[in-house]
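Heads up: the structure comes next, in structure tokens.
Numbering (the UniProt record's numbering), first residue to last: 1 to 451.
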């Protein structure tokens, strides 16, 4: 690849990426708003909570480009049909998007975010994502290592990585993967790295089109094409993410009623577990590989969600395997709609829960969960259940673990999987949903959804 070093005083070669699933809600925004959002990246639109996650947005854009175009600018070797990374698929030199600087707002209206390039467990370079032109264009490049400011940024990331690696080694971690490539969800325990903004009028030099994977695949060693979000027809505001509204709509749908009625009948008259796939294309279909305490949902990329039952003889809330299934379903949802992927569970005694992933793409485990880890966490759920059963406050009138006990097990499992505060739990009693939150003392509280 031709290396191009370009001063920030000269227009950069624009690397324009866009998000999947542009959707304009005609009922929610005015025609004036439509014109405004028609040029905006969905990932950088103002969400319901009012906070734009710039690191998450930049991370998704470059990873998604690799996935769609079979390129390898990230060094993560993301295939077109697989957004779930395995450790063996990650190139020796890659961008670790799980760590970043804070968003840096510049005097010229640009927003920058830095990410480390990692090789052999050490930071060797810095990738920068730049949002400019009134937030209508995105550029990626590497910081030129020959400038003082860029050297400062590099050293800050190196220091943070080294500190984490040393701590992990003392705890018996794997030196090669301990810094930030673990499979259990916590990116490294490194918070956003605070970088002072460059002082003008000269901005740091960026090398455009130089990446760990050098493009690869069909990318042909050249930067992705330039343009705005309309090239991909992926502009507009994100879809609403209110879990209460999603659950209410789901409960009112005939599709969901058919699934839940079938599972209620199976719980009353059948044996073992049964599952349903909510397919992206076509009607829902039942799972065909079912066991006493397991179901196989198949390819998560073709699903909007999944439902299944537990039998009342083990832990009647989402297992670690169920939670991992949610993560994989969420990976394949459209951009801005990851939270629409869901997994539901029903069990004897009126138990009915639904979970949604509420994190961003940067919050996903970098590699798929290990089967041995999932088995260990599922076993730990049983051990915790037996312990809680000794406390009458967690035992139902039927002699089984009650809602409060089940919910404590669920939140404890999320923490073990590195997904604390990244999954929303909703409980459904009759047809009334409520959001279950964990208190600081480990207990849980139900917050009813407004009618």
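Just so you know, even glycine gets a beta-carbon here, dropped at the ideal spot from N, CA and C.
Quantities reported herein were computed from a predicted structural model and do not represent experimental measurements.
Cβ shell of residue i (< 6 angstroms), same chain only, five flanking positions each side left out
i, result
"residue 132", "110"
"residue 103", "54, 111, 113"
"residue 295", "273, 275, 287, 308"
"residue 289", "296"
"residue 428", "352"
"residue 246", "none"
Exposure label - residue i; buried when at least 16 CB within 10 Å
i, result
"residue 269", "exposed"
"residue 387", "exposed"
"residue 260", "buried"
"residue 202", "exposed"
"residue 382", "exposed"
"residue 309", "buried"
"residue 408", "buried"
"residue 101", "buried"
"residue 252", "exposed"
"residue 266", "buried"
"residue 371", "exposed"
"residue 328", "buried"
"residue 56", "buried"
"residue 285", "exposed"
"residue 72", "buried"
"residue 441", "exposed"
"residue 522", "Outside the modelled stretch of the chain, which goes from 1 to 451, sits residue 522, for which no answer is possible."
"residue 105", "exposed"
"residue 242", "exposed"
"residue 64", "buried"
"residue 26", "Any answer about residue 26 is weak, because its pLDDT of 36 lies below 50 and its placement is not dependable; what the coordinates show is given next. Exposed."
Residue i in three-state terms, based on DSSP
i, result
"residue 127", "strand"
"residue 435", "strand"
"residue 275", "strand"
"residue 77", "coil"
"residue 407", "helix"
"residue 142", "strand"
"residue 266", "helix"
"residue 104", "strand"
"residue 448", "strand"
"residue 307", "strand"
"residue 245", "helix"
"residue 424", "strand"
"residue 192", "coil"
"residue 315", "coil"
Whether residue i touches residue j by CB criterion (9 angstroms)
i, j, result
"residue 449", "residue 257", "no"
"residue 144", "residue 207", "yes"
"residue 255", "residue 283", "yes"
"residue 384", "residue 356", "no"
"residue 274", "residue 292", "no"
"residue 115", "residue 41", "no"
"residue 302", "residue 280", "yes"
"residue 161", "residue 195", "no"
"residue 330", "residue 413", "no"
"residue 305", "residue 341", "yes"
"residue 339", "residue 352", "no"
"residue 204", "residue 150", "yes"
"residue 323", "residue 250", "no"
"residue 354", "residue 426", "yes"
"residue 62", "residue 140", "yes"
"residue 358", "residue 271", "no"
Cβ-heavy atom distance, residue i to the ligand GDP, below 8 angstroms
i, result
"residue 303", "The ligand content of the structure shown is nil, which means the ligand GDP is not present either."
Cut-off 7 angstroms between Cβ atoms - residues of its own chain near residue i, not counting five sequence neighbours on either side
i, result
"residue 363", "422"
"residue 389", "395, 401"
"residue 167", "In this predicted model, residue 167 has a pLDDT of only 47, less than 50, meaning its place in the structure is not dependable enough to derive any value."
"residue 438", "411, 444"
"residue 447", "434, 435, 437"
"residue 314", "293, 382"
"residue 377", "320, 413, 416, 417"
Neighbourhood of residue i by C-beta, 8 angstroms cutoff - its chain only, sequence neighbours within 5 removed
i, result
"residue 404", "393, 394, 443, 444"
"residue 142", "117, 125, 126, 127, 128, 206, 207, 210, 211"
"residue 333", "304, 339, 340, 341"
"residue 316", "310, 345, 347, 348, 349, 351, 400, 401, 406"
"residue 135", "40, 41, 44, 111"
"residue 431", "251"
"residue 123", "116, 117, 154, 157, 158, 161"
"residue 379", "none"
"residue 130", "12, 110, 111, 112, 138, 139, 140, 141, 206"
"residue 244", "426, 433, 435, 449, 450"
- Could you name each continuous beta strand (DSSP E) segment of 3 residues or more that falls completely within the segment 322–373, going from the start of the chain to the end? 342–347, 351–357
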